[in-house]
Amino acid sequence: MGYAAGASLPLLAGALIGVRWRPPRQLVATALAYAARALIASVSFELFETSYRSGGALRAGLSFAAGALVFVVADYALDRKTAGNPTGWALLAGVTLDGIPENTALGVSLTEAGSVALLVAVFASNFPEALAGAVSMQDNGRSKKSVVSLWAGATVLLAVAVFVGRFAFAGASPETLALPLAFAGGAVLTSVIDTLAPEAFSEGGPLIALASAAGFVTGYMLSL
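For the sequence shown, counting from 1, position 59 maps to 44 in this note's numbering; every step adds exactly one.
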């Protein structure tokens, strides 16, 4: 329950703050750069490495590639549907698509000890994206109540994804767990490169490099 709340509630918190405060774009970009590198470290040391050790190189590699491919296809379809729509709607849809593999992987990790590194990285990415999305939705005429309600729905959906990952694979062997862990890792890494990194580097300025380094170190240290 704690992991589900920690991973999903930042969406609601970001929306609640976003309807009342307009953060500097550079601040949001710096936070996204930190989150992107923390997620990369978590994918490397928590998801893929665990999958490799449990299932071997072939199983881990194929599952990782499958996760990346599925995300790219789904993201392409989403981009076509949201083309021309307000940015806030695109952000909401994108965060939901990105968050499903992240939160499902978090749930799968709970079948063992649970990944604190992945939890911190997901928390760090969800908050600034919801913050920016809420601001954009208001700019496009949505009421505060409507904006918060939409992000609350995304919060519930991503919390459910944690429970699905946790209970769908309860009692599974390490070899079986290697498949969803690597699959989620491929999807998460692709989402970072496709979504978080471009948003961060387009607005971040010189602090991006430092934030990226700090995010990677945080993700690595929490994986030890």
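Backbone N, C-alpha and C fix where the C-beta goes; we use that ideal spot for every residue, glycine too.
Is the Cβ-Cβ distance between residue i and residue j less than 7 Å?
i, j, result
"A169", "A90", "yes"
"A256", "V173", "Nothing about residue 256 can be reported from this structure: the residues present for the chain run from -14 to 209 only."
"G52", "G171", "yes"
"A78", "L63", "yes"
"A199", "Y19", "yes"
"E31", "A102", "yes"
"R7", "L95", "no"
"A(-10)", "V133", "no"
"E184", "L17", "yes"
"G39", "A157", "The sequence given here places Ser at residue 39; Gly does not occur at that position. No, Cβ-Cβ distance for S39 and A157 is not below 7 Å."
"G3", "A119", "yes"
"L104", "Y(-12)", "yes"
To the nearest whole angstrom, what separates the beta carbons of residue i and residue j, a pair I think is in contact under 8 Å?
i, j, result
"T203", "A23", "5 Å"
"A167", "S(-7)", "Actually they do not touch by this definition, with Cβ atoms about 23 Å apart."
"P(-5)", "F112", "4 Å"
"A59", "L82", "6 Å"
"F148", "G84", "Their Cβ separation, rounded to whole angstroms, is 14 Å, which puts F148 and G84 out of contact at 8 Å."
"K129", "Q123", "7 Å"
Output the boundary residues of the alpha helix (DSSP H) element that contains residue i.
i, result
"W226", "The chain is shown from -14 up to 209; residue 226 falls before or after that span and cannot be answered."
"I25", "10 to 27"
"P(-5)", "-13 to 3"
"A111", "Inspection of the sequence shows that residue 111 is occupied by Asn rather than by Ala. Taken as a continuous stretch (DSSP letters only), the alpha helix (DSSP H) holding N111 covers 101 to 124."
"G200", "192 to 208"
"F168", "159 to 176"
"E188", "182 to 188"
If we define contact as Cβ-Cβ less than 7 Å, is residue i a contact residue for chain B?
i, result
"A(-8)", "The displayed structure is made up of one protein chain only, and chain B is not part of it."
Is residue i near the ligand GTP, going by C-beta to nearest heavy atom under 6 Å?
i, result
"S176", "Only the bare structure without any ligand can be found here, which leaves the ligand GTP out of the picture."
Could you say if the stretch 137 to 157 and the stretch 47 to 54 meet the contact criterion of at least three C-beta pairs nearer than 8 Å? Taking a cut-off of 8 Å on C-beta distances, the stretch 137 to 157 does not touch the stretch 47 to 54, as fewer than three cross pairs fall below it.
Report yes or no: do three or more beta-carbon pairs, one from the stretch 7 to 22 and one from the stretch 148 to 168, lie closer than 8 Å? Cβ pair count under 8 Å is below three, so no.
Using 8 Å as the cut-off, can you tell me whether the stretch 132 to 140 makes contact with the stretch 25 to 33, which would need three or more C-beta pairs spanning the two stretches below that distance? No, the stretch 132 to 140 is not in contact with the stretch 25 to 33.
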